[in-house]
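What follows is the structure in structure tokens.
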């Protein structure tokens with residue numbers, strides 16, 4: 002059989018474009034399977050993409066399928082995908098023509114089995130505990146008798162009725178109920194919002210702020226109680242400033258909010274018992290304490306009365322206390338009359354002696370003697386004043402003479418100091434050495450030349466004598482221009498000798514200073 006026999010039927014097959022084939026395969030796959038539930042392990046998950054979508058694979062022991070979760074679905078999921086987690090997903094089977102691959106578009110995701118739930122719960126508990134949300138130091142004591150009790154639970158279940166009934170039996174208190182869903186999608190957000198809402202109430206506001214919170218729910222499976230394991234609820238319970246009691250499930254049910262709460266109650270009824278005491282027990286305790294207080298007060302009064310009587314018997318009586326004082330008063334009264342009489346006699350004697358002294362030396366006689374002494378010293382003060390004025394005049398004349406001598410002596414001292422300074426300057430001036438026949442050799446810059454080597458290097462020199470300067474050349478060099486004449490050395494002044502100054506007579510006028518303008522300031 003020839004090859005042309007086989008090629009004829011193939012040539013009759015219709016021709017497809019790649020896009021048409023990919024679309025047909027996509028439609029066939031979606032129509033054949035639609036929504037499916039797949040169980041597998043998440044592989045290749047690296048977190049949400051920048052667009053918000055999530056891409057990963059589901060695998061088991063024999064196969065692997067790509068999976069995608071769109072952004073809107075990702076935000077609604079209670080359980081986020083995690084690498085290595087075994088899950089059950091529900092979604093639509095479709096294809097991705099760009100890669101010629103099929104995939105599942107996930108609509109919901111749940112952990113696969115109780116083991117996976119517990120593994121996820123344990124890992125979340127470990128992460129939150131590492132942040133310190135479960136530390137015992139953060140837990141606050143529950144008030145003994147709260148004014149208002151806040152309850153976060155479902156308003157239609159038996160839990161709220163049990164709590165209200167138990168509170169009414171033990172100690173009736175005002176109760177604020179924040180209704181929330183305690184199961185299903187969105188329950189965790191409502192519970193967290195209720196806790197934050199109670200904490201946001203202002204003390205003394207229109208709505209009273211609770212003193213204690215109770216977060217309660219009845220029993221159920223781990224899936225039913227999972228909203229109390231959500232991170233948003235645990236963080237809200239840990240951040241609550243109001244003491245919080247968790248009462249979720251039965252005694253054997255443990256959720257993460259139990260670790261973050263300040264107290265954990267085994268049941269909602271137990272939470273009500275923790276929140277308030279028993280009124281009848283308080284009244285009985287108060288009655289017992291009142292009776293004990295009255296008995297103790299009576300015994301204390303009796304004891305103090307006995308002590309007071311014992312102290313009163315030990316105290317002396319009023320008569321004993323006043324007897325000694327009365328005796329001292331009687332003795333003082335007996336001594337008073339003789340003492341007054343003796344004092345009067347003593348005063349009378351002093352008065353008689355004073356009268357006798359006045360009789361012997363009357364005031365008129367004493368006044369006459371005083372007048373005689375005053376007449377005797379009549380001229381003595383004037384003579385004493387004249388002597389004092391004479392002495393002070395002599396001292397004033399002496400000071401005037403010293404003042405006249407002071408300017409001349411000062412000028413003589415200054416002239417002597419000037420002469421000594423002039424002599425010292427003349428002895429140190431180099432021109433004095435030039436006057437003795439020496440010469441000073443200067444270079445072109447006008448600085449002294451101190452050696453023959455420096456003179457040969459300079460070439461042109463200036464020789465300074467006592468009476469002027471002369472230009473010179475070394476070894477036949479051209480002589481420079483004659484430098485300006487140096488002023489001759491001033492003559493050394495003869496030292497002045499201080500001349501003795503005659504003391505002018507007190508009455509003679511001082512001679513005018515040489516060069517001073519003579520005349521009187523009062524001349525016209």
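Numbering (our numbering), first residue to last: 2 to 525. Even for Gly, the Cβ is constructed at its ideal location relative to N, Cα and C.
Our contact map puts residue i next to residue j with C-beta atoms below 8 Å; I'd like the distance itself, whole angstroms only.
i           : j           : result
residue 270 : residue 167 : 5 Å
residue 153 : residue 214 : 7 Å
residue 212 : residue 278 : Contact flag wrong, Cβ pair sits at about 13 Å.
residue 286 : residue 143 : That belief does not hold up - the Cβ atoms of residue 286 and residue 143 are roughly 19 Å apart, past 8 Å.
residue 465 : residue 419 : In fact, because the Cβ distance is near 28 Å, the residues do not count as touching under 8 Å.
residue 38  : residue 89  : 6 Å
residue 219 : residue 160 : 5 Å
residue 110 : residue 78  : 6 Å
Whose C-beta lies closer than 6 Å to the C-beta of residue i among residues of the same chain, with five residues either side of it excluded?
i           : result
residue 502 : Residue confidence is low: residue 502 scores 46 on pLDDT, short of 50, so the model does not pin down where it sits. No coordinate-derived value is stated.
residue 34  : 94
residue 92  : 105, 106, 107, 108
residue 252 : 267
residue 256 : 226, 229, 230, 249
residue 319 : none
residue 444 : 450, 459
residue 53  : 72
If you follow the beta strand (DSSP E) that residue i is part of, which residue opens it and which one closes it?
i           : result
residue 44  : 36-44
residue 58  : 55-60
residue 466 : 461-466
residue 474 : 469-474
residue 291 : First-last for residue 291: 280-315, but that is the alpha helix (DSSP H), not the beta strand (DSSP E).
residue 102 : 102-112
residue 441 : 441-443
Looking at the structure shown, is residue i part of a helix, part of a strand, or coil, going by DSSP?
i           : result
residue 227 : helix
residue 47  : coil
residue 155 : coil
residue 210 : coil
residue 174 : coil
residue 501 : With a pLDDT of 45 at residue 501, under the threshold of 50, the modelled position of this residue cannot be trusted; read the value that follows with caution. It is coil, neither helix nor strand.
residue 125 : helix
residue 140 : coil
residue 179 : strand
residue 162 : helix
residue 437 : coil
residue 217 : strand
residue 8   : Only weak support exists for where residue 8 lies, its pLDDT of 47 falling under 50; the coordinates are left without a value.
residue 31  : helix
residue 168 : helix
residue 21  : helix
residue 134 : coil
Which residues in the same chain have their Cβ closer than 7 Å to the Cβ of residue i, if we skip the five residues on either side of it in sequence?
i           : result
residue 498 : With a pLDDT of only 48 at residue 498, under the threshold of 50, the placement of this residue in the model should not be trusted; the figure read from the coordinates follows. Hits under 7 Å: none found.
residue 170 : none
residue 49  : 55, 75
residue 199 : 151, 179, 211, 214, 243
residue 204 : 210
Tell me residue i's beta-bridge partners as DSSP assigns them.
i           : result
residue 70  : 55
residue 87  : 42
residue 265 : 247
residue 92  : 37, 107
residue 97  : 102
residue 449 : 443
residue 149 : In DSSP, residue 149 forms no bridge with anything.
residue 258 : Its beta-bridge partners do not exist; DSSP assigns none.
residue 65  : 60
What are the start and end residues of the alpha helix (DSSP H) that includes residue i?
i           : result
residue 423 : 381-429
residue 79  : Neither: residue 79 is in no alpha helix (DSSP H) and is coded neither H nor E.
residue 240 : 232-240
residue 376 : 364-377
residue 274 : 269-276
residue 331 : 319-361
residue 200 : 188-201
Less than 8 Å between C-beta atoms, sequence neighbours within five positions excluded: which residues of the same chain meet that for residue i?
i           : result
residue 246 : 143, 213, 214, 215, 216, 262, 263, 264, 265, 266, 272, 275, 276
residue 20  : 98
residue 101 : 23
residue 44  : 57, 58, 59, 60, 65, 84, 85
residue 3   : Any reading at residue 3 must be qualified, since the residue scores a pLDDT of 47, below 50, and its modelled position is unreliable; the value itself is stated next. Cβ within range, chain order: n/a, list empty.
Give a yes or no on whether the minimum CB-CB distance between residue i and chain B is below 9 Å.
i           : result
residue 347 : This model lacks chain B altogether; it includes just one protein chain.
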